[in-house]
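Some notes on the structure that comes next.
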Amino acid sequence: MRIDTALFLLFLGVIAVVQAMMPGRGRVVALLCASLIFYAVSSVSYLILLLGLCGLNYWAALSLSQNLDQRRRTWVFTGTVLVNLAVLIFFKYAADVITQGMLRWNGHAPAAEAGFAVPLGISYFTFQMLACVTDAYRQTWRIDHGFTNFVLFGLFFPQISSGPIPRAGPLLPQLVGGDLPVVEDRLEGVRLIAFGFFKKYVVANRINEYVTDVFKDQFGTGTLAALIGCCLNALQIYADFSGYVDIAIGSALFFGIRLAPNFDRPFLSTSVTEFWRRWHMTLSFWLRDYLYLPLLIRIRILGKSGVVLAIIITFAVCGIWHGLTWTFLLFGIAQGLALSAEILTKSWRTKRLKRLPENVVRWSGRFYTLGFFALSQVLFRAANVPQALWIYGRLIHLNFSGGLAQLFAARPFFFALDCVAIGSWVGVAYFHRRATSRSTPWFVFLCGLLIIFLGRLGSAHFIYAKF
Amino acid sequence: MKWKGWILALMAFAAICILADLAFTYGIIFRTPTSDIGRINHLYHEHGDEIPIFGSSKAHGNYSPDAMGLNAFNYGFDGISYEVTDVLLQIELAKSKTTPIIIELQHNDLAADLGDQSRCVPLMFDARIRQLLKRFHAMEWRYYLPGIRYFGYYDWYLKDYMSERMQLTHNITKGYKSELHQLPFSQARLDDYVSKRLQITSGYFPNEDQNRRLIGHITEHPERLFFLVYSPYHPSYFAHFQNGEQLKLFDEKLKALPNVVLIDWSQMHFPDEFFLDTLHLRHEAAMEFSRKMGDKIREVLRERSGEATVEKSKGK
Amino acid sequence: MSDNLWNGLTTVFREALDNDSLTLTEGTTAKEVEGWDSITHVLIVVAVEKKFRVKFTAGEIQRLQNVGEFAALIRSKQV
Chain A
0 MRIDTALFLL FLGVIAVVQA MMPGRGRVVA LLCASLIFYA VSSVSYLILL LGLCGLNYWA
60 ALSLSQNLDQ RRRTWVFTGT VLVNLAVLIF FKYAADVITQ GMLRWNGHAP AAEAGFAVPL
120 GISYFTFQML ACVTDAYRQT WRIDHGFTNF VLFGLFFPQI SSGPIPRAGP LLPQLVGGDL
180 PVVEDRLEGV RLIAFGFFKK YVVANRINEY VTDVFKDQFG TGTLAALIGC CLNALQIYAD
240 FSGYVDIAIG SALFFGIRLA PNFDRPFLST SVTEFWRRWH MTLSFWLRDY LYLPLLIRIR
300 ILGKSGVVLA IIITFAVCGI WHGLTWTFLL FGIAQGLALS AEILTKSWRT KRLKRLPENV
360 VRWSGRFYTL GFFALSQVLF RAANVPQALW IYGRLIHLNF SGGLAQLFAA RPFFFALDCV
420 AIGSWVGVAY FHRRATSRST PWFVFLCGLL IIFLGRLGSA HFIYAKF
Chain B
0 MKWKGWILAL MAFAAICILA DLAFTYGIIF RTPTSDIGRI NHLYHEHGDE IPIFGSSKAH
60 GNYSPDAMGL NAFNYGFDGI SYEVTDVLLQ IELAKSKTTP IIIELQHNDL AADLGDQSRC
120 VPLMFDARIR QLLKRFHAME WRYYLPGIRY FGYYDWYLKD YMSERMQLTH NITKGYKSEL
180 HQLPFSQARL DDYVSKRLQI TSGYFPNEDQ NRRLIGHITE HPERLFFLVY SPYHPSYFAH
240 FQNGEQLKLF DEKLKALPNV VLIDWSQMHF PDEFFLDTLH LRHEAAMEFS RKMGDKIREV
300 LRERSGEATV EKSKGK
Chain C
0 MSDNLWNGLT TVFREALDND SLTLTEGTTA KEVEGWDSIT HVLIVVAVEK KFRVKFTAGE
60 IQRLQNVGEF AALIRSKQV
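Residue numbers (numbering that gives the first Met the number 0), protein chains in the order written: chain A, 0 to 466; chain B, 0 to 315; chain C, 0 to 78.
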């Protein structure tokens, strides 16, 4: 079940009614059943797999919470982490590798039906489970809930498909409370869902058509077209992913559960370092806590070169996690290099920049951050390295003939509508920040109208759904 | 919770949606005679002696009724499968007309395509259209709900309407669409298409069910003369053509029907400058083709009416 | 608490954070000090390890909550 569909909204409504009729503990069971149904719609066999993994991780977290001897704890911890990672790597990469291998070996790929689909949300689920087990191992968190509660935590339907990646500490106690949500939470959730739908259908899907064209060689070698394509691409990824996250967080909030925020107005960041604290925050923080810091602590003796090495490794892994391609690897390494450069020049910069007016520093920082992000996102979108290089080439070899006029001439009527649609984002966002419980119906009304009249279907699923 | 706000907002929402739906349906969609829906609408309401021309983009771009010098109308639609043509044919055959029918035949229909769905939604009143959508698994619940059924398609309707009003991109006469800004011929571009064509398989890959239905329509309507046409392809299309023998058999089968005139001009020699790509003709070439086709059809009709008079006089 | 340890710790922090006026209390946490993020935290740890000739485990470093705990940890290692 895709969460950007009317069916999902209906599903939310039914669950809400059923839940409201249940007494205390029944409400938790209602959410659990909803989560199981949500996953089973996608695949029953993978549901069983995930339940198995829940069982393993639950057992591990439980034994790590008890005081065993250190040797045994290390074994339990390492074993569980390896199993989780093995499942993730198998499903994320094995299918690809087998296909590629067969292509090399006997010249034809296996039939599509023979391949296996990636289980829904396996990446996010694995991250979530690894965090639990690691926290239990570090003894910064201990499990004191039953298995069914843990399953609800693992498969909680608003967040299972693409995050935000939850931590057991803040989320588990909320899930098992069994209280009915307060009206304000419900309404805030509804507003977020409406806003998310708006971002996805009106903004992201519309921008997508331009970006697809620019990346498809539709507009030749023009520099302006490529430049606009890069900027729109960055905007699309943000609209698409934050739209998804808004729906996810809103759906959880509709049941009174607060998930961790995933975006904090990232485009206002003044450095790439800050950007990663405000963009896909749950992933950034996860990588920081469970990969980067442990790694850095182990190689801390290398001093600043250790910092750089740890950052680059972390972001390279982050890149590869998106997919086993050179473009994603380069994307990750580019982020790592930018962050390293920023850290190494930090004190030097602070001294020099003190003399400049604060506003100039802030805005040039934003310009640089956004520019870097838009450029690196080319790697994220491009099908392969040559395509990304081709886009970069167009940016470097200045050529202002035609390109832009063509970009808009291809869709003269749509262009005006696109401007209205994308421009309305500003207005809707403003309304969203100021909306109260009282004005919620009218906020939903506005989003609904914009979606019906300006929304575009687009065949694409959420960009992040495939990771 | 204050329910009053919700009820008001919902009512306002529904009212605006339904008003917009009505305004679009009657003010824009059916007021755009040159759009795809406008042409289908024409098909519903035409009961005179126009000769209908059916087919996919090859029909749409190749047959100009004016150049053919016939009282005809082009019902070719870009990117459609025979399944769609079949529905249009059913609409035509339900009328009490006796004009001939021209159908551009396709060699294969493996990548069966409904084409643009937006052209079906306003026509949901027709059970045949609903069935068509279901056959392609393209039916959605919202198509039944005026107010939200056009979600995602408003742009398209508005675009058709505006381009007709402003005559910006193309000129449509009797269903034939001529692009006003067709790029000048480029041998390099065509060579590119040719090299791509040579890499993919072309050939006759029949869909038996569709063939059966077509023959069924023809035999059930002996009062109508069917011109079944293969219009010109670029020679590269036939470089690696598969199942040619089977195609010949099928053509023979069609030819054997008394009310069929099969015109196979697929290998007619046209120079490279005539081709938009390996399948479609450029505007000037379409004019040339249409003139020839018009002459051919008139000739056949003359012969047939001659035969008919002879037969009639024999009967006396 | 020995002044020696406390002064040494303050020097390390001042150098690492590039802030000469920084004063530490037992309850000081990373959040309260500008520039004390996860990276400088590790750099501070490295400097402390060098200065006081001690060695921490990964778990110890990650569990640190405030300066007081840090000082206590150093003292426990020095004994």
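Ideal placement from N, C-alpha and C gives every residue a C-beta, glycine not left out.
Bear in mind that the values here come from a model prediction, so they are computed numbers and not experimental data.
Neighbourhood of residue i by C-beta, 7 Å cutoff - its chain only, sequence neighbours within 5 removed
| i | result |
| --- | --- |
| residue 83 of chain B | 76, 113, 114 and 131 |
| residue 40 of chain B | 29 |
| residue 278 of chain A | 262 and 265 |
| residue 67 of chain C | 25 and 26 |
| residue 144 of chain A | 171 and 175 |
| residue 12 of chain C | 21, 23 and 43 |
| residue 220 of chain B | 92 |
| residue 254 of chain B | 261 |
Chain C contact residues for residue i, given Cβ-Cβ distances below 9 Å
| i | result |
| --- | --- |
| residue 297 of chain A | 57 |
Cross-chain neighbours of residue i in chain B, by beta carbon under 8 Å
| i | result |
| --- | --- |
| residue 413 of chain A | 154 and 158 |
| residue 103 of chain A | What residue 103 of chain A touches in chain B: nothing, since even the nearest Cβ is about 21 Å away. |
Residue closest to residue i, alpha-carbon to alpha-carbon, out of the options
| i | options | result |
| --- | --- | --- |
| residue 189 of chain B | B:14, B:300, B:277 and B:301 | B:277 |
| residue 350 of chain A | C:59, C:18, C:8 and C:10 | C:18 |
| residue 185 of chain A | A:214, A:276, A:92 and A:19 | A:19 |
| residue 127 of chain B | B:38, B:159, B:91 and B:45 | B:91 |
| residue 56 of chain C | A:236, A:72 and A:293 | A:293 |
| residue 395 of chain A | A:452, A:221 and A:425 | A:221 |
| residue 454 of chain A | A:432, A:416 and A:439 | A:416 |
| residue 289 of chain B | B:61, B:200 and B:207 | B:61 |
| residue 2 of chain B | A:212, A:26, A:223 and A:182 | A:182 |
| residue 150 of chain B | B:42, B:216, B:118 and B:47 | B:118 |
Distance CB(residue i)-CB(residue j) smaller than 7 Å
| i | j | result |
| --- | --- | --- |
| residue 387 of chain A | residue 324 of chain A | no |
| residue 441 of chain A | residue 8 of chain B | yes |
| residue 120 of chain A | residue 159 of chain A | yes |
| residue 70 of chain C | residue 39 of chain C | no |
| residue 341 of chain A | residue 270 of chain A | yes |
| residue 161 of chain A | residue 367 of chain A | no |
| residue 375 of chain A | residue 330 of chain A | yes |
| residue 52 of chain B | residue 73 of chain B | yes |
| residue 80 of chain C | residue 299 of chain A | What is shown of chain C runs 0 to 78, which leaves residue 80 of chain C out entirely. |
| residue 76 of chain C | residue 7 of chain C | no |
| residue 61 of chain A | residue 164 of chain A | no |
| residue 33 of chain A | residue 156 of chain A | yes |
| residue 434 of chain A | residue 201 of chain A | no |
| residue 173 of chain B | residue 32 of chain B | no |
| residue 269 of chain B | residue 231 of chain B | yes |
| residue 94 of chain A | residue 75 of chain A | no |
Chain B contact residues for residue i, given Cβ-Cβ distances below 7 Å
| i | result |
| --- | --- |
| residue 456 of chain A | 151 |
| residue 448 of chain A | 12 and 15 |
| residue 443 of chain A | 8 |
Where residue i meets chain A, residues with beta-carbon distance less than 9 Å
| i | result |
| --- | --- |
| residue 60 of chain C | 292, 296 and 299 |
| residue 11 of chain C | In chain order: nothing, as chain A lies at least about 14 Å away. |
Contacts around residue i, its chain only, beta-carbon distance under 6 Å, and the 5 residues preceding and following it disregarded
| i | result |
| --- | --- |
| residue 246 of chain B | 203 |
| residue 199 of chain A | 3 and 242 |
| residue 83 of chain A | 125, 128 and 129 |
| residue 106 of chain B | 203 |
Chain-order list of residues whose beta-carbon lies under 8 Å from that of residue i (same chain, five-residue window excluded)
| i | result |
| --- | --- |
| residue 113 of chain A | Confidence in residue 113 of chain A is poor, its pLDDT being 49 and thus under 50, which makes the residue's placement too unreliable to answer from. |
| residue 197 of chain B | 235, 238 and 239 |
Beta-carbon neighbours of residue i, restricted to chain A and to distances below 7 Å
| i | result |
| --- | --- |
| residue 16 of chain B | 451 |
| residue 78 of chain B | The premise fails here: residue 78 of chain B is roughly 15 Å from chain A at the closest Cβ pair, so nothing lies under 7 Å. |
Closer than 8 Å at the beta carbon, the chain A residues around residue i
| i | result |
| --- | --- |
| residue 147 of chain B | 451 |
| residue 17 of chain C | 346 and 349 |
Cross-chain neighbours of residue i in chain C, by beta carbon under 8 Å
| i | result |
| --- | --- |
| residue 364 of chain A | Within 8 Å Cβ-Cβ: nothing; residue 364 of chain A doesn't reach chain C, min ~16 Å. |
| residue 306 of chain A | 38, 41 and 42 |
Closer than 7 Å at the beta carbon, the chain C residues around residue i
| i | result |
| --- | --- |
| residue 287 of chain A | 37 |
Chain-ordered residues of the region 379-399 of chain A with a beta carbon less than 9 Å from chain B: Listed in sequence order: no entries.
Listed in chain order, which residues of the region 122-144 of chain A have Cβ atoms closer than 9 Å to some Cβ of chain C? Per Cβ criterion, the list reads 136, 137, 138 and 139.
So if I threshold CB-CB distances at 8 Å, which residues from the region 315-347 of chain A count as touching chain C? Within the region 315-347 of chain A, those residues whose Cβ lies closer than 8 Å to any Cβ of chain C are, in chain order, 342 and 346.
Contact list for the region 162-182 of chain A against chain B, Cβ threshold 8 Å: Answer in chain order: 182.
Going along the region 187-199 of chain A in order, which residues come within less than 7 Å of chain B, judged by CB to CB distance? Within the region 187-199 of chain A, no residue has a Cβ that lies closer than 7 Å to any Cβ of chain B.
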